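Below is one structure, written out as structure tokens, with a few remarks after it.
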Amino acid sequence: MKTIILLFFVAISTSIYSQTKEYTGIYKRHFDINEEGSIEYQLELSPDGTFTFHNYRKISAKNQEENQYGKGTWKIEKNKVLYFYTNKKNDLDKKHTLNFTNTKARYITKSKRDKSDKEVKNHLRFYDSEISWIKGNKLFKD
0 MKTIILLFFV AISTSIYSQT KEYTGIYKRH FDINEEGSIE YQLELSPDGT FTFHNYRKIS
60 AKNQEENQYG KGTWKIEKNK VLYFYTNKKN DLDKKHTLNF TNTKARYITK SKRDKSDKEV
120 KNHLRFYDSE ISWIKGNKLF KD
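Residue numbers (numbering that gives the first Met the number 0): 0 to 141.
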């Protein structure tokens, strides 16, 4: 009986890990602005369910560089939707000021049924967030 229970827990933990393995990694996006500036987003999803986010912005030579950071936890729900959560006590500090609570993103990939030569780069599309500038953004997997 103990062996059956042990095998059950091993099977469950393996399937959970393999589900998150598809989504873990680094997602990026880069925009050039007027040859003088740029905006860069980087999101790292770790297999342990944590994430870190960095937003770098330099609009022009006259403006100074801006860096914003966030961190917290993430989980995957049905239909490839990722939910982000920031714990105000543990995840927010002087450096990490972005609160990702209530942020949702969909994992976009080429459908297995799509047999065309069309290339679809795996990415996250943010569709709900209290951070106004992140809504609608797409971050592409490295």
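Glycine included, each C-beta is placed from N, C-alpha and C at the ideal position.
The structure presented is a predicted model; accordingly, all values stated were derived computationally and were not measured.
Given this structure, state the Cα-to-Cα distance separating residue i from residue j, to the nearest angstrom.
i    : j    : result
L81  : E118 : 23 Å
K88  : S115 : 48 Å
W73  : K109 : 22 Å
K79  : D92  : 30 Å
I107 : N98  : 23 Å
H29  : I130 : 18 Å
L44  : K111 : 23 Å
R105 : E34  : 31 Å
F50  : D90  : 10 Å
G69  : F52  : 5 Å
Q94  : T100 : Reading off the sequence, residue 94 comes out as Lys, not Gln. Computed Cα separation, rounded: 17 Å.
With a threshold of 6 Å on Cβ separation, who are the neighbours of residue i within its own chain once the five nearest residues in sequence on each side are excluded?
i    : result
I133 : F125
E65  : R56
G36  : K57, I58, S59
How would you label residue i, buried or exposed, when you count the other beta carbons within 10 angstroms and need 16 or more for buried?
i    : result
N62  : exposed
I146 : The displayed coordinates of the chain run from 0 to 141. Any statement about residue 146 would go beyond what the structure contains.
S128 : buried
G135 : exposed
K77  : exposed
Quick check on DSSP: helix, strand or coil for residue i?
i    : result
S131 : helix
T85  : coil
E64  : coil
N136 : coil
N54  : strand
T23  : coil
K79  : helix
R112 : coil
F125 : strand
L172 : Shown here, the chain extends from 0 to 141; a query on residue 172 therefore has no answer.
E118 : coil
When DSSP builds the beta bridges, which residues end up paired with residue i?
i    : result
K70  : T51
F30  : I38
T102 : F83
Who are the near neighbours of residue i in its chain, counting only those whose CB is closer than 7 Å to its CB and skipping five residues on each side?
i    : result
Q67  : N54, T96, L97
L138 : Y26, K27, R28, Y40, L42, H122, L123
Spatial neighbours of residue i within its chain, please: C-beta separation below 8 Å, excluding the five flanking residues on both sides.
i    : result
D141 : G24, I25, Y26, K27
K120 : F139, K140
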